[in-house]
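Heads up: the structure comes next, in structure tokens.
Residue numbers (our numbering): 13 to 589.
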């Protein structure tokens, strides 16, 4: 079983960083170092601490071993001395004997002991390295066991200091304890052995310290390369910025790993996926549980995934536009991807606003161009001294404008009237005869749907202009209203819709004009269907006709069956927008 990777859920607002207690906060000199320097210093500190601990343990162990070795040595010497006949006789006599003391000190020198003391049954010294201490009681309080006939090794403080002693009872021929022999080595001798052993181990400790330092430097360098040469503070700042960016985006963002597990969901994505879904499947969670269609799409794709833009998928019955950005690949299963997505309705609304703005810019440019031409004509006539003809041209322009406004007198949606006036100027610039059918009317009740009307009429008339492809022709707009709703017709004398495009005319991207086109009619259909209306396309008398039907504002129930677009068989090719 593959061990799950650690992940982070960024759906919630980031929590403020809590200050570390002073005990756990790195020292100031470490905070000034980079990540590589920090790791090396921390490794050195840990390694030195471990070395010191090992030295202590080793010292205690060596001390115990040294004390045991010295004790065994002292015990052996005491056994030899206790069996000497002169020692047995002297101890049994229990009186001072210079010859006995001399013999014992000679043996002490040969054994390299710090002292050999012989005492009688009363514990009075009969032999001692220092003559002035002869005849005095033995010190240390450890003669009980020897006087009871048992050999012991002890550590006690005597007249010469703390020492390791080997004590053996002195027994006569009858086996009666008549004295005691105590051979001792002072504790500095034991520590001398310990220090010697540690000195012999010192090169190995230094070697371990050097190898550990070199390893720490290599690991730190590799780690720094793995984190893109960033310092911890920089990583923390980048994470904070990432959280802020994800929270500020009005587009849903999810990150998915190579096993299809969602590892990151921003706030907007949680809204689109549904708060209940996210709460039931907190990240990390399988993508198939949150968005089955996207999971199926990415699962069936060949790895490595390629970048994909503006995919239209369904999420909880709503159309969603999705952009997929693959992540770095890691093995045969791929490295996952990041998906950004937004509600298609929001995207369409934004595109409509952009279309409106672009249309108004075109209208203003066309008006500017036309008025400049007219002013140039009037200026030329006046300079030629022909004011009567200039007045006639001016009156003709005024009359044409008045006639056009008269045709729109019953259309009481100001934005739609302004659009048609602008389209008239645009048509004059293109050399197209633009007409509004006489009798067109629309009540002020439709002002609430002005955006949809402007979108529909603007896109359809612009498509009609493009259908004429710069050739002279006629474009006629008819606007009508009855108790059932409103009807808009845009008719042009162009060649019609191309046969290969007609079957998918209202599909996004359907166009014969190249990539990046074919969104206008799909946007019109979406806006109209949202109000329960219809869009139809047909050929009539050699002209192309697009019809938009909208139910009355009080009857805008969404009836999908009644809102399907209707496309008739085209008789001649015509490129749509």
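For each residue, glycine too, the CB sits at the ideal point set by N, CA and C.
In this text the structure is predicted, and so the values were computed from the model without any measurement.
*Of all the options 457, 388, 216, 519, which has the alpha carbon lying nearest to the alpha carbon of residue 498?*
457
*With DSSP collapsed to three states, give me the class of residue 576.*
In this predicted model, residue 576 has a pLDDT of only 48, less than 50, meaning its place in the structure is not dependable; the value taken from the coordinates is given anyway. Three-state DSSP puts residue 576 in coil, outside helix and strand.
_Terminal residues of the beta strand (DSSP E) in which residue 504 lies_ = 497 to 504
_Measuring only the C-alpha atoms, how far is residue 276 from residue 550?_
49 Å
*Please classify residue 252: is it buried, with 16 or more other beta-carbons within 10 angstroms of its beta-carbon, or exposed?*
exposed
*Note down the Cα distance separating residue 494 from residue 355, rounded to an integer number of angstroms.*
Cα to Cα, residue 494 sits roughly 34 Å from residue 355.
*Looking at the unbroken alpha helix (DSSP H) that takes in residue 247, where does it start and where does it end?*
244 to 260
_Run of the beta strand (DSSP E) containing residue 320, from where it starts to where it stops_ = Where residue 320 is concerned, the enclosing beta strand (DSSP E) stretches over 320 to 327.
*Sort 561, 51, 395 by Cα distance to residue 543 and report the nearest one.*
561
*asked:* Assuming contact is defined by CB atoms lying nearer than 9 Å, are residue 170 and residue 151 in contact in what I supplied?
replied: Going by C-beta atoms, residue 170 is nearer than 9 Å to residue 151.
*Leaving out the 5 sequence neighbours to the left and right, which residues in its chain are closer than 7 Å to residue 281 when beta-carbon positions are compared?*
264, 265, 266
*Would you give the residue range spanned by the beta strand (DSSP E) that residue 169 belongs to?*
164 to 170
*asked:* Closer than 8 Å is the cut-off here; do at least three beta carbon pairs connect the stretch 207 to 214 with the stretch 124 to 140?
replied: no
*Got a sec, what are the start and stop residues for the beta strand (DSSP E) residue 268 sits in?*
264 to 268
*First through last residue of the alpha helix (DSSP H) which encompasses residue 156*: 156 to 159
*Return the residue from the list 82, 422, 487 that minimises the CA-CA distance to residue 438.*
487
_Rounded separation between residue 390 and residue 402 - CA only_ = 5 Å
*Can you check whether the CB of residue 505 is closer than 9 Å to the CB of residue 485?*
yes
*Could you work out which residue in 460, 446, 120, 451 is closest to residue 476 when comparing CA atoms only?*
446
*Cβ of residue 116 within 9 Å of any chain D Cβ*: In summary, chain D is missing from the structure at hand, where a single protein chain is found.
*Rounded to whole angstroms, what's the CA-CA distance from residue 318 to residue 353? Just pull it up for me.*
16 Å
*Check whether the stretch 78 to 97 touches the stretch 167 to 184, counting contact only when three or more Cβ pairs, one atom from each stretch, lie closer than 8 Å.*
yes
*Excluding five sequence neighbours on each side, which residues of the same chain lie with their C-beta closer than 6 Å to the C-beta of residue 140?*
129, 146
*Taking residue 53 as the reference, give the member of 216, 231, 76, 301 with the closest Cα.*
231
*Along the alpha helix (DSSP H) that carries residue 283, what are the first and last residues, could you check?*
279 to 285
*Do residue 348 and residue 238 have their CB atoms nearer than 9 Å?*
The Cβ atoms of residue 348 and residue 238 lie no closer than 9 Å to each other.
*Taking residue 460 and residue 565 to be in contact with their CB atoms under 8 Å, please state how far apart those CB atoms are, rounded to whole angstroms.*
6 Å
*Taking only runs that begin and end inside the stretch 172 to 214, name each unbroken beta strand (DSSP E) of 3 or more residues, in chain order.*
The qualifying runs are 173 to 183, 189 to 198.
*Proximity of residue 310 and residue 299 at Cβ, strictly below 9 Å*: yes
*From 511, 58, 545, pick the residue whose C-alpha is nearest to that of residue 496; which is it?*
545
*In whole angstroms, what separates the C-alpha of residue 465 from that of residue 404?*
37 Å
*Going straight from the alpha carbon of residue 154 to that of residue 58, what length do you get?*
44 Å
*Using DSSP with H/G/I as helix, E/B as strand and the rest coil, what is residue 422?*
For residue 422, the three-state secondary structure derived from DSSP is coil.
*Buried or exposed (CB count within 10 angstroms, at least 16 for buried), residue 369*: exposed
*So which of 394, 373, 235, 541 has the shortest CA-CA distance to residue 49?*
235
*asked:* Count Cβ pairs between the stretch 62 to 76 and the stretch 86 to 97 that sit closer than 8 Å; are there 3 or more?
replied: no
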